[in-house]
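A.B. asks: In case it helps, this note's numbering puts the sequence shown at residues 14 to 94. C-beta atoms are modelled at their ideal positions from N, C-alpha and C, and glycine is treated no differently.
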Amino acid sequence: MIQLKDAIRIAKEHAADLLGEAPYSVAEFEREDYNGRPVWVITLAAATNQFQGTALEYRRFFVDENSGELLAMKIREFAFQ
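(1) Would you tell me roughly how many angstroms separate the C-alpha atoms of Ala20 and Val76, rounded to the nearest one?
(2) Closer than 6 Å by C-beta to Ala85: which residues in its own chain qualify, once you throw out the five before and the five after it? Chain order, please.
(3) Candidates Ile55, Glu26 and Ala28: which alpha carbon is nearest Glu45's?
(4) Exposed or buried, Ile88, counting other C-beta atoms within 10 Å across all chains shown (16 or more means buried)?
(5) Beta strand (DSSP E) containing Ile15: first to last residue?
(6) Does the Cβ of Leu31 have 16 or more other Cβ atoms within 10 Å, making it buried, or fewer, making it exposed?
(7) By how many angstroms is the C-alpha of Leu57 removed from the C-alpha of Gln16?
(8) DSSP on Arg44, reduced to helix/strand/coil?
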């Protein structure tokens with residue numbers, strides 16, 4: 014079983030690989046089931062425009078709690094958007 018610190022590292026590594034080298038910060042984390050598998054859900058935030066730094070974009074990374082495998086990445090959307 015992987016610890017929270019490892020799940021965050023895995024999420025940040027995949028974010029950098031898939032989305033580019035932006036300064037990602039942890040916005041949320043939780044444990045839940047995804048397709049019947051226990052996962053850490055790590056929400057990372059990054060500025061949509063690094064020069065203005067006002068608006069943030071959120072991505073949710075689903076990391077298998079047992080293997081550390083990245084199972085999914087989703088855009089975190091809010092009701093007011």
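C.D. replies: From the atom records:
(1) In the sequence shown, the residue the question calls residue 20 occupies position 7. In the sequence shown, the residue the question calls residue 76 occupies position 63. The straight-line gap from Cα to Cα measures roughly 6 Å.
(2) The residue given as residue 85 occupies position 72 in the sequence shown. Closer than 6 Å at Cβ, skipping near neighbours: Phe75.
(3) Mapped onto the sequence shown, residue 45 falls at position 32. Checked all of Ile55, Glu26 and Ala28; the closest Cα to Glu45 is Ile55.
(4) Position 75 of the sequence shown holds residue 88. It is exposed - the Cβ of Ile88 has fewer than 16 other Cβ atoms within 10 Å.
(5) Position 2 of the sequence shown, counted from the first residue, corresponds to residue 15. Note, Ile15: premise wrong, no beta strand (DSSP E); not H, not E.
(6) Taking the sequence shown and counting its residues from 1, one reaches residue 31 at position 18. Counting Cβ neighbours within 10 Å, Leu31 comes out exposed, since fewer than 16 surround it.
(7) In the sequence shown, counting from the first residue as 1, residue 16 sits at position 3. In the sequence shown, counting from the first residue as 1, residue 57 sits at position 44. Whole-angstrom Cα-Cα distance: 17 Å.
(8) In the sequence shown, residue 44 corresponds to position 31, counting from 1. Residue state, collapsed to three classes: strand.
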